[in-house]
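For the sequence shown, my numbering assigns the number 143 to the initial residue and increments by one for each residue that follows.
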Amino acid sequence: MTRYKRAKNYLSRKYFDVTTVKPRYWGATDFKLASRVGKRLSTRLSIAGASISVYQAIDNPTEGNIVDATFSVIGVVPGYGTLIGGIYFGADLITLGITGQGISEHIDNYMWMSSPIGIGYVPFTERPRK
């Protein structure tokens, strides 16, 4: 819808008509449609990523690939699964940025022993290369 508005040119002090275009209204139905499309797209991309991770774990069954595949499959589950997968993805990016290796590479490259205080495992030496 085109509207006309009177505007003043301050140099010549004359008035002239200016056409303005009314912006499109983005209502609740448009937001609902965009939300639905975004949800479908994110679910499909999650499934594609999980299937690639599972294929890598089957093709090369190292501990790190199995952990990546596990968290990818957990991330596809809506709700808490998405939250857990997102936390793992963020932690993996932070670990990669700080140490230059992802979580799965740390799992693959180091030998692990139980912690001296009995909680969890700690790396004690680098795994020998084959």
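For each residue, glycine too, the CB sits at the ideal point set by N, CA and C.
If only uninterrupted alpha helix (DSSP H) runs of at least 4 residues are considered, those enclosed by the region 203-258 are 205-218, 222-241, 245-251. Contact between S188 and V218 holds, with the beta-carbon distance rounding to 5 Å and staying under 8 Å.
Secondary structure note for G191: its alpha helix (DSSP H) is the uninterrupted segment 170-201. Between G206 and I249, the C-beta gap is smaller than 8 Å, which places the two residues in contact.
Remark: C-beta atoms of S195 and S214 approach each other more closely than 8 Å.
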